[in-house]
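Numbering of the sequence shown is given in the working numbering, commencing with residue 85 and proceeding in unit increments.
Heads up: the structure comes next, in structure tokens.
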Amino acid sequence: MLNIFEYPWALSGLAIIVWFVISMLRGTFPNKYYRLLKILPLVIIAAAFGLDFFVTTDLEKINEVIKTGLKATEEEKVEALEALISDNYQDSYHNGKIDLISYCSVLLSEPLVAKNIKTGLEVEISSPNATATLVVLTKFDEQSSIYAYKPYQLTKIRLNLEKAHDKSWLITQVEVLEIDRKTVNWKYIK
Numbered sequence: 085m086l087n088i089f090e091y092p093w094a095l096s097g098l099a100i101i102v103w104f105v106i107s108m109l110r111g112t113f114p115n116k117y118y119r120l121l122k123i124l125p126l127v128i129i130a131a132a133f134g135l136d137f138f139v140t141t142d143l144e145k146i147n148e149v150i151k152t153g154l155k156a157t158e159e160e161k162v163e164a165l166e167a168l169i170s171d172n173y174q175d176s177y178h179n180g181k182i183d184l185i186s187y188c189s190v191l192l193s194e195p196l197v198a199k200n201i202k203t204g205l206e207v208e209i210s211s212p213n214a215t216a217t218l219v220v221l222t223k224f225d226e227q228s229s230i231y232a233y234k235p236y237q238l239t240k241i242r243l244n245l246e247k248a249h250d251k252s253w254l255i256t257q258v259e260v261l262e263i264d265r266k267t268v269n270w271k272y273i274k
């Protein structure tokens, strides 16, 4: 089903249809009502873009979490990553949020990532949970020890998220699926 909060063009299309119907039925309305009806399509279009602007959907919130996470790794901000992780985080290698954050602290203590480029994202939402499969092209920093081995890396990860009480989304699990199109897991990375 089409979500009007994500696609304002659907209501804009409806406004065009309403305009055609009003134009065809012009003779049936008195002139003073016709002038009011002519602004109805404009009201529908304004409502469509107003809804899109003022209402943040779950998909937009999840995209923002992912964007913030990618930016935080580029800028080596562990605190920003910590804010995105749920307290009940657990994956196949880390026992909890504290383990993951300490791993990130060690990893990001030196220059590592110059740029993260999101090349693919697939999100499945079944509120209050969501699963996102993310493909990222990472350009390593020239000062990084990894850069000598390879300057770029293509990584595919699966993120499990949950909606918090304040309607924000937090990451509950991160699993590494592929690195450079080869199937891997957390143990391979360590």
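We put the beta carbon where it would ideally sit given N, CA and C, even for glycine.
Practice task
Mind checking who residue 97 pairs with in its DSSP beta bridge?
Solution key: Locating residue 97 in the sequence shown gives position 13, where the first residue counts as 1. The partner list for residue 97 (beta bridge, DSSP) is empty, contrary to what the question assumes.
- Item | Supposed close pair residue 184, residue 173 - CB separation, criterion 8 Å | The count along the sequence shown starts at 1 and reaches residue 184 at position 100. The count along the sequence shown starts at 1 and reaches residue 173 at position 89. Their Cβ separation, rounded to whole angstroms, is 6 Å, which keeps residue 184 and residue 173 in contact under 8 Å.
Suppose you measure from the CA of residue 96 to the CA of residue 129; what does that come to, to the nearest Å?
In the sequence shown, residue 96 corresponds to position 12, counting from 1. In the sequence shown, residue 129 corresponds to position 45, counting from 1. Taking the CA atoms as reference points, residue 96 sits about 5 Å from residue 129.
(Q) Does the structure place the stretch 147-157 close enough to the stretch 188-204 that three or more beta carbon pairs sit under 8 Å? (A) The stretch 188-204 is in contact with the stretch 147-157.
Practice problem: Quick one: residues in its chain with C-beta nearer than 8 Å to the C-beta of residue 43, no 5 flanking neighbours on either side, listed in chain order? | Solution: There is simply no residue 43 to check, as the chain begins at 85 and stops at 274 in what is shown.
Provide the residue span of the alpha helix (DSSP H) that contains residue 152, from first to last.
Mapped onto the sequence shown, residue 152 falls at position 68. For residue 152, the enclosing alpha helix (DSSP H) has its first and last residue at 142-158.
- Message: Restricting to Cα atoms, I'd like to know which of 225, 105, 187 and 123 is closest to residue 158.
- Response: Taking the first residue of the sequence shown as position 1, residue 158 is located at position 74. Out of 225, 105, 187 and 123, 225 has the C-alpha closest to the C-alpha of residue 158.
* Asked: Ordered along the chain, which non-local residues of its own chain (more than five positions away) have a Cβ less than 7 Å from that of residue 254?
  -> The count along the sequence shown starts at 1 and reaches residue 254 at position 170. Apart from sequence neighbours up to five positions away, the residues of its chain that approach residue 254 with a beta-carbon distance below 7 Å are 168, 169, 170, 245, 246 and 248, ordered along the chain.
Exercise for the section: Flag this pair as yes or no: are the beta carbons of residue 175 and residue 259 separated by less than 8 Å? Expected result: Counted from its first residue, the sequence shown places residue 175 at position 91. Counted from its first residue, the sequence shown places residue 259 at position 175. Cβ atoms of residue 175 and residue 259: closer than 8 Å.
inquiry  = Quick test of your reading: residue 215 and residue 236, contact by CB under 8 Å. State the CB separation rounded to the nearest angstrom.
reply    = The residue labelled residue 215 in the question sits at position 131 within the sequence shown. The residue labelled residue 236 in the question sits at position 152 within the sequence shown. Approximately 26 Å separates the beta-carbon atoms of residue 215 and residue 236; this is outside 8 Å, ruling out the contact.
Quiz prompt | Alpha-carbon spacing of residue 143 relative to residue 227, whole angstroms | solution = Stepping through the sequence shown from its first residue, residue 143 is reached at position 59. Stepping through the sequence shown from its first residue, residue 227 is reached at position 143. Taking the straight line from one Cα to the other gives about 35 Å.
Best match in 192, 252, 256 and 139 for proximity to residue 230 [C-alpha to C-alpha]: Position 146 of the sequence shown, counting from 1, holds the residue named residue 230. Considering only alpha carbons, the answer is 192.
| Since residue 131 is in the alpha helix (DSSP H), which residue starts that stretch and which ends it? | On the sequence shown, position 47 is the one that residue 131 refers to. From DSSP, the alpha helix (DSSP H) with residue 131 extends over 124-138.
Beta strand (DSSP E) runs contained entirely in the stretch 190-268, provided each spans 3 or more residues:
Within the stretch 190-268, the complete beta strand (DSSP E) runs of at least 3 residues fall at 197-210, 213-224, 236-247 and 253-263.
Item checked: Nearest residue (CA-CA) to residue 238, options 115, 219, 252 and 256 -> In the sequence shown, the residue the question calls residue 238 occupies position 154. Nearest C-alpha to residue 238: 219.
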